[in-house]
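Residue numbers (my numbering), protein chains in the order written: chain A, 1 to 486; chain B, 1 to 486. Note sheet for the following structure.
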């Protein structure tokens with residue numbers, strides 16, 4: 001392993017030239033799709049389709065074989081049937097191709113014959129060519145102009161999040177789902193069976209990559225447990241690593257076997273890995289993205305004392321339940337502070353012990369502002385959670401309390417102002433109120449406000465449970481590192 | 001307690017005449033809002049605003065006092081300051097009003113003086129008038145033409161679900177959030193401090209109410225534990241009772257104290273109540289609605305053997321993990337069945353051990369159909385879970401696999417056909433792919449398909465975790481009842 005992974009992997013993530021081996025003129029065919037997706041994504045390097053049967057595919061001149069390529073390309077996508085792949089990769093090595101991604105399946109995961117083919121690939125890799133895959137969707141690297149197999153419409157802008165995925169499906173689903181949350185990626189790698197480049201190599205790459213600030217991963221199993229653990233410990237000291245480990249239940253482990261044929265590993269071992277390395281464990285796609293949002297937008301902190309601010313007493317009860325169940329603290333406010341808050345929120349039935357109940361889900365903006373400012377300045381808490389306050393409501397006839405200014409209502413502006421003015425961490429919970437097509441307009445209004453908060457660097461969550469879990473993950477990482485450094 | 005709660009509570013849920021005491025001409029004021037909401041909802045009985053200062057409010061003739069009402073009305077909404085309420089309710093009793101809802105707050109939850117006022121209310125109730133509240137949002141009963149305080153836009157059609165809520169906030173949030181899932185209510189009651197009508201009375205009412213098939217509740221504490229438990233046991237034998245108990249954490253219990261001042265109760269006691277009564281415990285609004293969907297649409301069953309059908313191997317791993325963590329079983333299929341399924345799904349990398357991986361999230365409809373039919377007929381499972389298959393994709397140029405027929409794609413039709421043809425329980429998981437405003441159109445497409453599934457009686461869930469939890473809740477109820485009857 002070279003000291004500098006950045007140089008080693010540059011041909012993969014920033015290929016100046018790219019061959020598509022098995023490129024077809026029919027975009028419904030596998031090799032045709034690979035080429036089509038690269039073209040649609042707008043790859044701007046030198047692109048060479050390789051196809052022995054056709055002289056032109058999708059408007060491009062083809063090359064009959066790897067040997068005929070006009071240059072030793074940085075990278076090649078291989079989309080030919082599995083039995084042919086080892087020969088093609090050997091040719092690539094010979095032609096001076098620096099790295100390949102084998103998108104074809106039918107290797108170790110498919111039985112003995114496939115395992116034999118994969119072994120041949122690994123042997124070729126050892127001779128001096130790097131291989132991503134086989135049985136994968138490849139690499140998405142927006143700044144390198146390349147995208148994974150079905151990722152033609154993924155964002156062209158890059159961001160600070162790296163994603164290592166043993167699953168092709170999640171390699172596409174995670175960045176796609178993340179898009180609406182304003183989360184952008186430096187690189188996503190679907191590494192499949194990992195005959196050469198594996199989770200450790202990628203973890204090391206992202207560790208060194210200055211573009212990547214937050215490392216995420218979906219992992220089913222690791223090849224070299226001790227190396228992975230040691231690396232994880234080191235990486236976590238400077239960059240958070242958010243890992244979704246699949247296959248920890250009996251059925252999940254069975255599914256892993258037929259998916260990437262890696263060893264799932266026992267839950268107890270993984271428990272220890274997470275506890276001792278400081279890596280952040282998540283159990284699903286939603287939790288992964290929710291946790292990323294916290295790391296993206298909140299200042300590093302270890303405090304778990306929160307103040308949920310909501311409208312309606314039952315909401316305060318549920319907020320306390322949710323926060324404490326997840327591991328946050330909802331400290332009772334001193335009597336003086338309670339009294340001060342109650343003078344701001346005079347509604348009978350409201351409460352200010354913490355959570356703070358502002359009386360109803362649509363409070364007048366000045367009231368919400370005064371309550372939040374008082375909490376920000378005087379309460380001994382770390383994070384304010386604005387819980388299910390209706391931020392989408394615009395001015396209605398006869399309703400003087402909901403004046404809008406531009407597309408963002410005065411009420412929706414309050415959390416942003418409080419965060420800016422006092423530097424207090426603020427997160428917002430905004431549920432999807434309904435799923436019917438009839439209310440798509442109100443969903444549009446909700447999303448506009450969400451987008452605004454995300455632009456402003458305020459994490460938005462769909463439920464308080466999800467917010468609380470993300471905050472526990474986030475503060476847990478910083479706690480672990482503080483203990484290490486103390 | 002009369003044998004027939006239906007007659008006793010008819011004036012509350014189906015009032016032929018209704019007085020609004022404290023009705024104001026200003027809809028921003030409390031009493032003005034109560035009247036406005038009733039008018040907007042379209043109450044069609046005889047409506048009498050009571051206001052001593054004005055002769056007309058919101059275009060209606062007013063009455064100076066309760067004594068002046070032209071008839072002994074069935075029901076009255078009371079929206080006057082707390083100190084005045086006991087006198088007003090006493091007048092109502094005298095005038096022959098059968099029941100009232102006290103929407104005003106400022107009673108037991110507000111301290112000693114409020115407790116004294118509430119005691120006076122309870123004493124009046126004992127003399128022959130039923131009281132909902134105080135400190136509540138009142139009653140929503142679409143067939144009776146009445147709605148809770150901020151519920152002018154709730155659906156006018158009724159349905160089979162009853163909801164008992166100690167929280168006013170949830171009394172509005174639950175039916176509003178439920179609307180998009182096609183869930184409709186027989187009645188929703190926000191009963192607040194329960195000075196007279198309490199959770200037991202309402203449970204008994206819903207038990208007797210032929211319109212209510214599924215009983216749901218948000219409860220912070222109960223007054224008469226033994227009665228509640230005994231009743232719950234009895235009710236659960238014929239109607240499912242889905243309860244969200246708020247305030248089970250320390251912070252939650254504290255919030256309960258300042259919300260409705262009821263005793264939260266210890267978690268262990270509630271554990272036993274749920275275990276022994278067969279009531280279904282949920283911990284939040286989402287789980288409550290998810291569970292209702294299962295009861296609404298699935299045939300009673302106790303089997304927990306599921307077959308997740310998804311596209312992409314990683315998704316199969318996550319599906320197994322999620323299902324087994326929640327308590328479902330994902331049994332391995334016999335080798336013959338695996339082979340048969342693999343002949344249908346020839347993609348390398350796909351798996352048919354269970355979960356069944358159809359290769360990619362957008363499988364050709366005939367392939368999905370053949371795989372699901374084979375599972376429905378030959379697999380020894382109870383429920384098929386269609387997991388994150390893209391149902392919204394319409395025909396694209398050059399894509400022969402996604403032919404649409406009308407607004408519902410051929411692929412989206414498959415789960416409906418399989419359920420209809422084989423009577424096998426099918427549920428569908430369709431996540432919100434993104435939250436940005438830019439993809440609102442695709443969210444619209446998703447919702448159209450969701451609406452279609454719900455119309456067709458197929459429950460739709462946002463995540464597999466939520467589907468699995470709802471199915472465990474649903475099958476757990478029927479298991480409990482089967483054990484009792486065996």
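Glycine is no exception: its CB is placed at the ideal position from the N, C-alpha and C atoms. Every value quoted in this text rests on a predicted model; they were computed, and no experiment measured them.
query                                                                                                                                                                                 : result
Going by other Cβ atoms of all chains shown within 10 Å of its Cβ, with 16 needed for buried, is residue 405 of chain A buried or exposed?                                            : With a pLDDT of only 38 at residue 405 of chain A, under the threshold of 50, the placement of this residue in the model should not be trusted, and no figure is reported.
Determine the contact status of residue 193 of chain A and residue 107 of chain A, defining contact as a CB-CB distance below 7 Å.                                                    : yes
Which first and last residues belong to the alpha helix (DSSP H) in which residue 463 of chain A is found?                                                                            : Looking at the DSSP string, residue 463 of chain A is not in any alpha helix (DSSP H), and its letter there is neither H nor E.
Mapping DSSP to helix, strand and coil, what is residue 336 of chain B?                                                                                                               : helix
Just to check my reading of the structure: residue 246 of chain A and residue 321 of chain B have Cβ atoms closer than 8 Å, yes? What is that Cβ distance to the nearest angstrom?    : 6 Å
Could you check whether residue 372 of chain A and residue 468 of chain A sit closer than 7 Å to each other, using their CB atoms as the reference points?                            : no
Whole angstroms are fine: how far does the CA of residue 79 of chain B sit from the CA of residue 104 of chain B?                                                                     : 5 Å
Determine which residues share a DSSP beta bridge with residue 387 of chain A and list them.                                                                                          : A/310 and A/429
Pull up the CB-CB distance for residue 177 of chain B and residue 154 of chain B, whole angstroms please, since I reckon it's below 8 Å.                                              : Not really, about 11 Å apart at Cβ, beyond 8 Å.
How about residue 269 of chain A: is its Cβ closer than 6 Å to a heavy atom in the ligand MG?                                                                                         : Only the bare structure without any ligand can be found here, which leaves the ligand MG out of the picture.
So with CB distances below 9 Å, who are the chain A contacts of residue 249 of chain B?                                                                                               : 320, 321, 322, 323, 324, 325 and 330
Please specify which runs of the alpha helix (DSSP H), each continuous and at least 4 residues long, are wholly inside the stretch 100 to 176 of chain A, giving them in chain order. : 112 to 126
Looking at the structure shown, is residue 487 of chain A part of a helix, part of a strand, or coil, going by DSSP?                                                                  : Since the first residue of chain A shown is 1 and the last is 486, residue 487 of chain A is not available in this structure.
I need the straight-line Cα distance from residue 60 of chain B to residue 49 of chain B, nearest angstrom please.                                                                    : 7 Å
List the endpoints of the continuous beta strand (DSSP E) containing residue 243 of chain B.                                                                                          : 241 to 245
Got a sec: is the Cβ-Cβ distance from residue 452 of chain A to anything in chain B below 7 Å?                                                                                        : no
Which one or two residues does DSSP pair with residue 61 of chain B in a beta bridge?                                                                                                 : B/56
Which residues in the same chain as residue 483 of chain B place their Cβ atom closer than 8 Å to its Cβ, once the five residues preceding and following it in sequence are excluded? : none
Could you please tell me which residues of the stretch 163 to 184 of chain B, in chain order, have their CB closer than 9 Å to any CB of chain A?                                     : 165, 166, 167, 168, 169, 170, 171, 172, 173, 176, 177, 178, 179, 180, 181 and 182
Using 7 Å as the limit for Cβ to Cβ distance, is residue 315 of chain A near chain B?                                                                                                 : yes
Find the nearest neighbour of residue 355 of chain A within the set A/290, A/455 and A/464, judged by alpha-carbon distance.                                                          : A/464
Assign residue 12 of chain B to one of three DSSP states: helix, strand, or coil.                                                                                                     : helix
Compute the Euclidean distance between the alpha carbons of residue 280 of chain B and residue 383 of chain B, then round it to the nearest angstrom.                                 : 20 Å
Quick one: which chain B residues come within Cβ less than 8 Å of residue 116 of chain A?                                                                                             : Those within 8 Å of residue 116 of chain A in chain B number zero; the least Cβ separation is about 15 Å.
Is there a Cβ from chain B that is less than 7 Å from the Cβ of residue 120 of chain A?                                                                                               : no
Flag this pair as touching only if the stretch 27 to 44 of chain A and the stretch 121 to 130 of chain A have three or more C-beta atom pairs under 8 Å; answer yes or no.            : no
Would a C-beta distance cut-off of 7 Å place residue 121 of chain A and residue 100 of chain A closer than the cut-off?                                                               : no
Mind listing the chain A neighbours of residue 415 of chain B? Cutoff is C-beta to C-beta under 7 Å, in chain order.                                                                  : Ordered by position in chain A, no residue passes the 7 Å Cβ test against residue 415 of chain B, which lies about 17 Å from the chain.
What does residue 33 of chain B touch in chain A if you count any residue whose Cβ is under 7 Å from its own?                                                                         : None at all; the shortest Cβ gap to chain A is about 10 Å.
Closer than 7 Å, Cβ to any Cβ of chain A: which residues of the stretch 189 to 221 of chain B, in chain order?                                                                        : 218 and 220
Classify residue 76 of chain A: buried if its beta carbon has 16 or more other beta carbons within 10 angstroms, exposed otherwise.                                                   : buried
Reducing DSSP to helix, strand and coil, say where residue 34 of chain B ends up.                                                                                                     : helix
What does a CB cutoff of less than 8 Å around residue 4 of chain A pick up in its chain, not counting 5 residues either side in sequence?                                             : 208
Rounded to whole angstroms, what is the Cα-Cα separation between residue 449 of chain B and residue 362 of chain B?                                                                   : 15 Å
Could you pull the DSSP bridge partners for residue 357 of chain A from this structure?                                                                                               : A/310
Report the neighbours of residue 463 of chain A on chain B: residues whose CB is nearer than 9 Å to its CB, in chain order.                                                           : 284, 285 and 286
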